[in-house]
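Asker: Residue numbers (our numbering), protein chains in the order written: chain C, 811 to 1099; chain E, 319 to 630. By construction, the Cβ of each residue, glycine as well, lies at the ideal position given by its N, Cα and C atoms.
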C-alpha cells in the first residue's frame, strides 16, 4: 500500500512540471493557433540554459530561474520575429498545419544543435540539498521536487493573474477569443502574438530549469516533453492556466497508477492512449474551451 | 510538355536509372558502395510510401514508422523461422496494411494537424510497447550469418524502389489518384463533387502502409542484428517527411531526388559530425515550408521559367 502511495506522490510531483510544460504550448496554441511541436526542445534548451547559468555564476538553481526566464522571453521574441511571425499570416487551418511542420523542422534542428554543443549525455544540476527528503509518515518526499511543484504552481498562478489583470494580458485573451474582433477594438494583434509566444517560451525555459534540477536533461528529451504537453492540453482544454496545472497533476498521477498496475515501462503509454482516445472521441471539440 | 507527359518522362527516366543500377554489383565489388546505394534505394521506397498518403491524399501521417516497424518485425520473424523472404515480406506488408485499416476509420475522424499528432501518438504507443515486450536485441542465427549475401539485399531493395515508383506513377494519373489530390486541395469541395473522401483516404493509407511494411521487411532482412523497437523509431517518419518535402511533396520524382540528396549529405556529414545533417535538413525544411512548398521540384520549375523568359 505504501509503495503505491509513494508512487502516486512522485507522480503528483512530476505532474506539476507536466502542467508547467503544457502551459506554454496551450497559451501559444490558444492565442496564435500555432501548434509548436518544438516546445519540448525549448524546454530542453531551458534545461541546458539553467545548467550553464548554475555552472558559470555559481548560483542556486532555483535562483537561476531569474536569469533563464528573461533570457527565454528574449529568445521567444526573436523566434517569433524570425520564424513564427511568417506563419501567422496564413488562414487558421494552414497556420496549424504549417506551424506543425515548421515546429518539426525546428525540433530536429535544435536537437541536432544540442547534440553538437553538449553531446548526447544526460545531465542534471546537483545541489547540496539535492538528496534531502521530507518524511510524512511512511512517505518520502524529495525536497527539490516539492519545491519544483510549488514553483510551478506559483508561476502558473502568477501568469493567471497577469492574463486577468494586466492590460496586455487582457489583450492576449481577447486575441485568443476572436482576433478579428480584437483588431477592430484597436488591439495590436501582432504584439499580442509576440507577447504570447515570448511568454510561452519563458514558461518552457522555467519548466526546463525545474526538469534539470529535479530530473535530468539530454538533447533527446524534446519529443517526450512535447507529447506530455500535448496530452495535458487535450485533457485540460485551452484557456485556463489553473486548469492546465490540474491537468498536469492528473497525468502525473495516471502515469504513476498505470506504472503500479502494468509495470514501470508502460507509464509512457497510458497518457498517449488517453490522448488518442480523447482525440478520436472529440475530434472537433478538442482543444476547446 | 504537359505535366502528365513530364511525369511519364520522369517515371521512365527513374526506372531506367534503377535498371542501370542492376549492374552495379557486377562492377563494384566493394561492400561500402553497395551499402550506400542500398540505403538510397530503401529511402526512395520509404519516401514514396509516405508521399502517397501525405503528398497525394494530403494526410500528414506522423506514425509512419509504426507500419515500417510492423513489417520489419513480422517479416524478420517469419524469415528466421524458415519462410522465403519474399513471402515473409508480403506477410509483413499485409500486417501493416491490416493495422492501418483497423485504425484508419477512427484516425480519419481527425483532420489536418490533429490527424498528424494523433498518428504521432499512435506510433509512440507502438514503439514503447514493442520496446517493452521485446527488449532483447535480435540477431540472425549463425548459419544464416555465414550465408549472408549483401547482393541479395541489394536486388530486393532495387526491386522495391522500382515497385514504389511504378505504384506512385500509376496512382498519380488514375481516377483514384486524382480524387486523392482533390481531397488534398479541398476536402469538402471534393466530397461535394462526388469524391468518396473516406474510401479514398483509406485506399491511400492502405497503399502507403503496405509499401512501408515492405520497406520494413527489407530492413529486417538487411540487418544482422538490431533492436526490434528501432524499426519503430519516429526517425523513420521524420526521414521520410524530410526527404519528401525537400524533394517535392506530391510529385513522382521529388521524393527520389530528396532521398538521394538526403542520404548523400547524411553519409558525407556523418564521417565528421553525428546527426549534423539534421541541423541542415531541419533548417532547409523550415525554409521550404515557408518559402517553397513544392520543394526542389518547384525550385527547378521556377528556374526553368526564369530562363525561358530570358531567352524571349
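Would you mind listing the beta strand (DSSP E) stretches within the stretch 344-424 of chain E that are 3+ residues and don't spill past its ends, in chain order?
Answerer: Correct list: empty.
Asker: Taking CB distances under 7 Å as the criterion, tell me whether residue 424 (chain E) reaches chain B.
Answerer: Considering every chain present, this structure includes no chain B. Its protein chains are C and E.
Asker: Under the assumption that residue 1006 (chain C) contacts residue 841 (chain C) (Cβ atoms under 8 Å), give the Cβ distance between them as a whole number of angstroms.
Answerer: Working through the first chain from its first residue, we reach residue 1006 (chain C) at position 196. Working through the first chain from its first residue, we reach residue 841 (chain C) at position 31. Indeed, because the Cβ distance is near 4 Å, the residues count as touching under 8 Å.
Asker: By the criterion of Cβ-Cβ separation under 7 Å, what are the contact partners of residue 546 (chain E) in chain C?
Answerer: Mapped onto the second chain, residue 546 (chain E) falls at position 228. Those do not exist, as residue 546 (chain E) stays about 14 Å from chain C at its closest Cβ, beyond 7 Å.
Asker: To the nearest whole angstrom, what separates the beta carbons of residue 542 (chain E) and residue 457 (chain E), a pair I think is in contact under 8 Å?
Answerer: Numbered from its first residue, the second chain carries residue 542 (chain E) at position 224. Numbered from its first residue, the second chain carries residue 457 (chain E) at position 139. That belief holds up - the Cβ atoms of residue 542 (chain E) and residue 457 (chain E) are roughly 7 Å apart, short of 8 Å.
Asker: If we count the other Cβ atoms within 10 Å of its Cβ and call it buried at 16 or more, is residue 945 (chain C) buried or exposed?
Answerer: One-based indexing of the first chain puts residue 945 (chain C) at position 135. Label assigned to residue 945 (chain C): exposed.
Asker: Indicate whether residue 1029 (chain C) and residue 935 (chain C) have their beta-carbon atoms separated by less than 7 Å.
Answerer: Position 219 of the first chain, counting from 1, holds the residue named residue 1029 (chain C). Position 125 of the first chain, counting from 1, holds the residue named residue 935 (chain C). Cβ distance not < 7 Å, so residue 1029 (chain C) and residue 935 (chain C) don't count as in contact.
Asker: Per DSSP, which residues does residue 544 (chain E) bridge with? Please list them.
Answerer: Along the second chain, read from residue 1 onward, the residue named residue 544 (chain E) stands at position 226. Note: residue 544 (chain E) sits in a beta bridge opposite E:456.
Asker: List, in chain order, every chain C residue whose beta-carbon is nearer than 8 Å to that of residue 443 (chain E).
Answerer: Along the second chain, read from residue 1 onward, the residue named residue 443 (chain E) stands at position 125. Those within 8 Å of residue 443 (chain E) in chain C are 1079, 1082, 1083 and 1086.
Asker: Based on the DSSP secondary-structure assignment, which residues constitute the bridge partners of residue 451 (chain E)?
Answerer: Here residue 451 (chain E) is taken as the residue at index 133 of the second chain, counted from 1. Paired residues: none, contrary to the question.
Asker: Report the start-end ranges of each alpha helix (DSSP H) in the stretch 815-885 of chain C that is 4 residues or longer and not cut off at the edges.
Answerer: The stretch 815-885 of chain C contains these whole alpha helix (DSSP H) runs: 849-867.
Asker: Give the secondary structure of residue 898 (chain C) by DSSP, where H, G and I count as helix, E and B as strand, and everything else as coil.
Answerer: For the purposes of this step, residue 898 (chain C) is taken as the residue at position 88 of the first chain. Three-state DSSP puts residue 898 (chain C) in coil, outside helix and strand.
Asker: With 16 other CB atoms within 10 Å as the buried threshold, where does residue 891 (chain C) fall?
Answerer: Working through the first chain from its first residue, we reach residue 891 (chain C) at position 81. It is exposed - the Cβ of residue 891 (chain C) has fewer than 16 other Cβ atoms within 10 Å.
Asker: Interface residues of chain C around residue 593 (chain E) at Cβ under 7 Å?
Answerer: For the purposes of this step, residue 593 (chain E) is identified with residue 275 of the second chain, where counting begins at 1. Within 7 Å Cβ-Cβ: 922 and 925.
Asker: With a threshold of 7 Å between beta carbons, is residue 937 (chain C) in contact with chain E?
Answerer: Numbered from its first residue, the first chain carries residue 937 (chain C) at position 127. Closer than 7 Å: no.
Asker: Assign residue 345 (chain E) to buried or exposed, taking buried as 16 or more other Cβ atoms, counted over all protein chains shown, within 10 Å of its Cβ.
Answerer: Locating residue 345 (chain E) in the second chain gives position 27, counting from the first residue. Exposed, because fewer than 16 other Cβ atoms sit within 10 Å of the Cβ of residue 345 (chain E).
Asker: Assign residue 935 (chain C) to one of three DSSP states: helix, strand, or coil.
Answerer: For the purposes of this step, residue 935 (chain C) is identified with residue 125 of the first chain, where counting begins at 1. Residue 935 (chain C) falls in the coil class under three-state DSSP.
Asker: Under 7 Å Cβ-Cβ, which residues of chain C neighbour residue 565 (chain E)?
Answerer: For the purposes of this step, residue 565 (chain E) is taken as the residue at position 247 of the second chain. Going along chain C, no residue has its Cβ under 7 Å from residue 565 (chain E), so there is no contact; the nearest lies around 15 Å.
Asker: In the DSSP assignment, find the beta strand (DSSP E) that holds residue 949 (chain C) and state where it starts and stops.
Answerer: The residue labelled residue 949 (chain C) in the question sits at position 139 within the first chain. From DSSP, the beta strand (DSSP E) with residue 949 (chain C) extends over 949-952.
Asker: Spatial neighbours of residue 594 (chain E) within its chain, please: C-beta separation below 6 Å, excluding the five flanking residues on both sides.
Answerer: Numbered from 1 along the second chain, position 276 holds the residue referred to as residue 594 (chain E). For residue 594 (chain E), where only same-chain residues beyond five positions count, the Cβ hits under 6 Å are 587.
Asker: Check whether the stretch 820-837 of chain C touches the stretch 1030-1048 of chain C, taking contact to mean three or more Cβ pairs, one atom from each stretch, closer than 8 Å.
Answerer: These segments touch.
Asker: Contact between the stretch 552-564 of chain E and the stretch 435-443 of chain E is defined here as three or more beta-carbon pairs at a separation below 8 Å; is this criterion met?
Answerer: Yes, the stretch 552-564 of chain E is in contact with the stretch 435-443 of chain E.
Asker: Expressed to the nearest angstrom, what Euclidean distance is found between the alpha-carbon atoms of residue 620 (chain E) and residue 571 (chain E)?
Answerer: Here the question's residue 620 (chain E) lines up with position 302 in the second chain. Here the question's residue 571 (chain E) lines up with position 253 in the second chain. Distance between the alpha carbons of residue 620 (chain E) and residue 571 (chain E): 16 Å.
Asker: Can you tell me whether residue 630 (chain E) is buried or exposed, with buried defined as 16 or more other CB within 10 angstroms of its CB?
Answerer: The sequence position of residue 630 (chain E) within the second chain is 312, counting from 1. Its pLDDT being 48, under 50, residue 630 (chain E) is placed unreliably in this model, and the coordinates cannot settle the point.
Asker: Residue 903 (chain C) versus chain E: which residues are under 8 Å apart at the beta carbon?
Answerer: Indexing the first chain from 1 puts residue 903 (chain C) at position 93. By Cβ distance, chain E contributes 430.
Asker: Following a CB-centred definition, is residue 1074 (chain C) positioned closer than 6 Å to any heavy atom of the ligand HEM?
Answerer: Ligands displayed in this structure: none; no statement on the ligand HEM is therefore possible.
Asker: Mind listing the chain E neighbours of residue 886 (chain C)? Cutoff is C-beta to C-beta under 8 Å, in chain order.
Answerer: Within the first chain, residue 886 (chain C) is the residue found at index 76, counting from 1. Those do not exist, as residue 886 (chain C) stays about 17 Å from chain E at its closest Cβ, beyond 8 Å.
Asker: Please report how far the alpha carbon of residue 1095 (chain C) lies from the alpha carbon of residue 888 (chain C), in whole angstroms.
Answerer: Working through the first chain from its first residue, we reach residue 1095 (chain C) at position 285. Working through the first chain from its first residue, we reach residue 888 (chain C) at position 78. With a pLDDT of only 44 at residue 1095 (chain C), under 50, the local geometry of the prediction cannot be trusted, and the value read off the model is given with reservation. Near 32 Å, if we compare the C-alpha coordinates of residue 888 (chain C) and residue 1095 (chain C).
Asker: Per DSSP, residue 1027 (chain C) is paired with what?
Answerer: The sequence position of residue 1027 (chain C) within the first chain is 217, counting from 1. Answer is C:933, bridged to residue 1027 (chain C).
Asker: Does the separation of the CB atoms of residue 908 (chain C) and residue 898 (chain C) fall below 7 Å?
Answerer: The residue you call residue 908 (chain C) lines up with position 98 of the first chain. The residue you call residue 898 (chain C) lines up with position 88 of the first chain. No, the Cβ-Cβ distance between residue 908 (chain C) and residue 898 (chain C) is not below 7 Å.
Asker: The beta strand (DSSP E) spanning residue 1087 (chain C) covers which residue range?
Answerer: For the purposes of this step, residue 1087 (chain C) is taken as residue 277 along the first chain, with counting starting at 1. Where residue 1087 (chain C) is concerned, there is no enclosing beta strand (DSSP E), although the alpha helix (DSSP H) it sits in stretches over 1077-1091.
Asker: When DSSP labels each residue in this structure, what does residue 888 (chain C) get in the three-state scheme?
Answerer: Locating residue 888 (chain C) in the first chain gives position 78, counting from the first residue. Correct three-state label for residue 888 (chain C): helix.
Asker: Rounded to the nearest angstrom, what separates residue 929 (chain C) and residue 923 (chain C) at their Cα positions?
Answerer: For the purposes of this step, residue 929 (chain C) is taken as the residue at position 119 of the first chain. For the purposes of this step, residue 923 (chain C) is taken as the residue at position 113 of the first chain. Straight-line Cα distance between these residues: approximately 9 Å.
Asker: Helix, strand or coil: how does DSSP classify residue 327 (chain E) here?
Answerer: On the second chain, position 9 is the one that residue 327 (chain E) refers to. Note: residue 327 (chain E) maps to helix in three-state DSSP.
Asker: Going by alpha carbons, who is nearest to residue 342 (chain E) out of E:394, E:414, E:602 and E:468?
Answerer: Looking up residue 342 (chain E) in the second chain gives position 24. Out of E:394, E:414, E:602 and E:468, E:468 has the C-alpha closest to the C-alpha of residue 342 (chain E).
Asker: Whose C-beta lies closer than 7 Å to the C-beta of residue 509 (chain E) among residues of the same chain, with five residues either side of it excluded?
Answerer: One-based indexing of the second chain puts residue 509 (chain E) at position 191. Cβ neighbours of residue 509 (chain E) beyond the five flanking positions: 515.
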